[in-house]
Structures are given as C-alpha cells and as structure tokens.
Amino acid sequence: MTKDKIKTKEFVTDSNIPVKPIYNQSKNSKESPGKYPFTRGIHSGMYRDRLWTMRQYSGFGDAAQSNKRYKFMLDSGQTGLSMAFDLPTQIGHDPDSSRAEGEVGKVGVSIASLKDMQTAFNGINLGKASTSMTINATASTLLAYYIAVGKSQGISSKELRGTTQNDILKEYVARNTYIYPPQPSMRIVGDMIGYCAKNVPQWYPISISGYHMREAGSTAVQEIAFTIANGIEYIQTCIDRGLKIDDFAPRLSFFFCCTIEFFEEVAKFRTARKIYAKILKERFHAKNPKSLQLRFHTQTSGESLTAQQPDNNIVRVAVQAMAAVLGGTQSLHTNSKDEALALPSQEAAKIALRTQQIIGYESGVTKTVDPMAGSYYMESLCDDIEEQTLSYLKKIDKMGGALKAIEKGYFQSEIRQNAYRLKKEVDDDQRILVGVNKFTEKSEKKQNLLRIDDSLGKKQEKAIKQLRNSRDNKKTEYALSKMQKAAETDKNLMPFILDAVLAYATTGEISNTFREVFGEYRPKDVF
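In this text, residue positions in the sequence shown follow our numbering: the first is 7, and each later residue adds one.
Written out as structure tokens, the structure is:
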C-alpha cells in the first residue's frame, strides 16, 4: 500500500540508449525540477525515484461491499485508497431520512456511523494505508470516523496518512453538495486545517479542487485560475485565524481534471505549479520550500467518456492519464470505461488500474524527469496559460476574492458560458466525438454493468436503528450537546466532533446539530 520504489538509477531505451535524468536546452537552464518555481516538477528525481500513487476512486453499496472492492484493488496493485461516498453521506442525512430515499449506496458507499467506517476498513491497516476521501460538507465527520478507526487499531492520529477533499467553495460553484452557508462552512474548513496541523500532521486536510469546475464546463485556464483563487481564500482564512503560513501550507493539496486536449493539459499542470509557487512566496511570504510546492492528485475526465461505444473510453483514459503523468501529478485515478453508464464494474476498474501500470512500467516516460522540457509548443502554451490565468486572478482580487466572486455568481457564469460553447460545437459537428457524432454504429453491444440493489436502503435503515438502540444514548446526546455549544462559540470544532463520533453519533445527527446553529444554504438566482 506504499508507493512503488524504482530501485535502479540506470535507465536506457529499448535500443539501449542511455537516458539522462534531466535534459536542458543549455548548461545554464533557468529552471530545474525540484526547485522554485517547480514548473518542471516538485521533486528533483520525479518518477525515476518513485512512481505516482495509483489511487483508484471507488465505493458503492454498504461498507462491506466497498471493503471487498478495496481489497480487490489493493491485491491488483493499487497503491492508495480513494473513497467515494453516497449522496446522503455527502449532505449529512442518515439512511432512514426521507431525503435519503432512493440514494443510499448508489453513487458511493453509505457511511452513517463509526461502525460503518470500521467495516469499510476491516482488515486494512491504517498505519500502512494512504486514504483519500472525496467528501466536503461532512468532511470533518468523516475524518473523525477515520481517526477513530485508527485509534481502534492502535494507530495514533499522528501516523495517519491521506487526504480529505474538504473544498466547500467549489461546491457552491459546480457540485452543490453543500449544507451550510459559506461563512460557517469556511469556519469548519479552517478548524480542520488547524486541527490537522497539530494532531494529524501527515494528513492533507484539504484538496482544493478544480476537477468539478472542469467537469462542469470550464476551460483549462479557468480551472487553474478559479482553483488557485479558492486556494488563496483558504490560506487567508487560516492566516486570519492566527495560523502561520509555513505551519499549514506544506499540507495543502490540489485536485485537477485531465481531459483529452493533450498538450494543453500538460501545460496546465506546469503553469499551475509555477503560479502557485510565486503566490506563496511573494504574496504570503512562505519560507519553507515545501510550502511553495503545488502537490496535486489528478483524475481523468468522467465527462469526456461516452455511453456510445464505451470501449473507446479505454483509449480516452489512456491519453488523459499519459498527459497527467507528463504533467507531473503526485497521484492519479483513471476512470473506468463504463462510467458513462454506471458505477465501475470490477473488471472495468481493473483495466483502468492496468492503464496506469502500463504507463508507469512499460511506456518509458518515467525514465527521465521532465520529458516535455524544451518543446516550443509546450513553452508557448505555458506562457499563454500563465498570462490568461493571472488576468483572471487579478479580476477576482478586485472583486474581493474568491468567496465574493462566487457569491456574485462570477465563477458560475464563466463556466456556464464555456459549457454552452462546448455543447454547441458538438451539436453543430464542429467538435468531433468518436462514436457520438462521427463513426457511429447502429447497434451497441450489451455491457456488463454494476447495479446497486434497491433493498440496500432498507438494510441500512435497519442497521442505523439497531445502532441507536444499542448505544448509550445519554452519552451520545451529551456529546452532541457539547458540540452544539462549541459551534455557538469560536472554539475549534474537531475535538467535539471526534467525541460525538466516539459516542456513536451518526452522520445525520452531527450534521443536523450544526444545521440548528448555522442553518442551511439556499442559493440565490444570481444569473
């Protein structure tokens, strides 16, 4: 479950031609991998020293079903876990809530209590695993579950490694699985970052995500501009709470999409690293070199996959994954061929993982640190992307920052305009999608798809009722009461959430307690 180590330091091509670690245009090349501004990668050796983490996003049904899939993927060579949660878990509703009906376990795993989390990681050592959790509005609760599972395994929170997405700003822009209004939501994010800096030091408490904005229709430039703008907002929130930049910045991470415009995607990653490094150094005066490094996870584009001729998606994903690797990603999820139709089947998930492994072990692109260096086209793209991104950031600053721009609907409007343009190009046959508007087939072969049994909802309802009957309800109510009182002050909420989790409070009960204090967010029509 750790990253693959590449033992040999001597690399040659298949024709036995020696491969240098680094190729420069001249001996006086201005930028080097592993050095500021990190355009060419955050590590000097990159994949010659260690491959990226192969972290396949998965989770469905109940915790036992997901546990089985996690073990299968680990046995198949996956090097990191990545949890997908169902919608009720994401927006803080228990399986027996009327608002959870029909959604339990459908788009991810149902985690309603500490018991579910313990089942999900049964037989998986959290001291050795690195786990990413795609969760935002309820991220604090899910992290508390994870810490509690580690404790039950005898593992200190200081030993836990992984990431919570915890990027609430992009929820208001593109994804909409928010619960509370922006201000209290940002308070919880700040609490998590501050808590992890002291108590879970190997954890990345936030993964600032451009992925969902890209999937909603943004351009590559908008993706990195809006993501970095959100990052600035989170950083300023932490600084305003009294945290020092170098105490938390090394544990900030990012999450980007990789679509099929190959060279632009590679250039996007390179440029994002450079811009972010300069902002951390010049605007926030970070001193620690690790604070300046933009570390990111990449997922290939689910939106680019087609329901028609789904086998073509294997090729799309391979092209996108190669771009992510040449862009210098730290971890990667490759989508499965059937994701335009259903959750990934076990066989499709394995093909997606094998795609990464073939790139890592067979393609040869990992033999030198920065294979794309020196490309005139690449350098020109990077310059153009940088110029346009900085223009966006300047405009967002004039609006008062990302939060103000989001509240005004600026991010949303920009993304919608581009999404409309892309859709119109497809409809007008100006943009070719193979198998959709060109090279189509009259009949499609039947696919073996993963289906979630509708009876799962009833099963989870029964389990949550049994939990409430078996726990010490006085202890649970006391923990929730203390948590509510803390929410009414400016205390860090994480210790109180952890106490509630250990008292077997459910995801819905914790979220509802905060709803009483913070209210629920209802978006205004800003378009």
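Every residue gets a Cβ at the ideal spot worked out from N, C-alpha and C, and that includes glycine. Just so you know, these numbers come straight off a predicted model, no measurement behind them.
Minimum C-alpha distance to residue 69 - residue among 193, 502, 504, 463: 463
The stretch 95–107 contacting the stretch 498–516, beta-carbon criterion three pairs below 8 Å: yes
Given 8 Å, three or more beta-carbon pairs between the stretch 179–186 and the stretch 520–527: yes
Presumed contact (8 Å Cβ cut-off) between residue 226 and residue 270, rounded CB distance: 5 Å
Per-residue burial, residue 18 [other beta carbons within 10 Å of its own, 16 or more giving buried]: exposed
Segments assigned beta strand (DSSP E), at least 3 residues, entirely inside the stretch 23–73: 59–64
Cβ pair count under 8 Å reaching 3, the stretch 54–69 against the stretch 338–346: yes
Stretch-stretch touch, CB-based, cutoff 8 Å, three pairs: the stretch 250–259 with the stretch 196–214: yes
Whether residue 311 touches residue 66 by CB criterion (8 Å): no
Cβ neighbours of residue 453 in the same chain (closer than 7 Å, five flanking residues each side left out): 316, 344, 347
Residue of 237, 55, 48 minimising C-alpha distance to residue 16: 55
Residue span of the beta strand (DSSP E) that contains residue 200, given as start and end: No beta strand (DSSP E) holds residue 200; the alpha helix (DSSP H) holding it covers 188–205.
DSSP state of residue 212 mapped onto helix, strand, coil: strand
Three-state class that DSSP yields for residue 437 in the structure shown: coil
Residue 224 burial status per 10 Å Cβ neighbour count (16 or more: buried): buried
Helix, strand or coil at residue 491 [DSSP, three-state]: helix
Nearest-angstrom Cα separation, counted from residue 471 out to residue 219: 38 Å
Limits of the alpha helix (DSSP H) - the one that residue 306 falls within: Counting along the chain, residue 306 falls outside any alpha helix (DSSP H), though it belongs to the beta strand (DSSP E) covering 302–306.
Straight-line Cα distance separating residue 385 from residue 165: 41 Å
The beta strand (DSSP E) enclosing residue 339, as first and last residue numbers: 337–339
Beta-carbon proximity of residue 268 to residue 358, cut-off 8 Å: no
Boundaries of the beta strand (DSSP E) in which residue 86 is found, first to last residue: 86–90
Reference residue 482; option with closest CA among 467, 503, 494: 503
Cβ shell of residue 492 (< 7 Å), same chain only, five flanking positions each side left out: 499, 502
The stretch 149–169 contacting the stretch 201–218, beta-carbon criterion three pairs below 8 Å: yes
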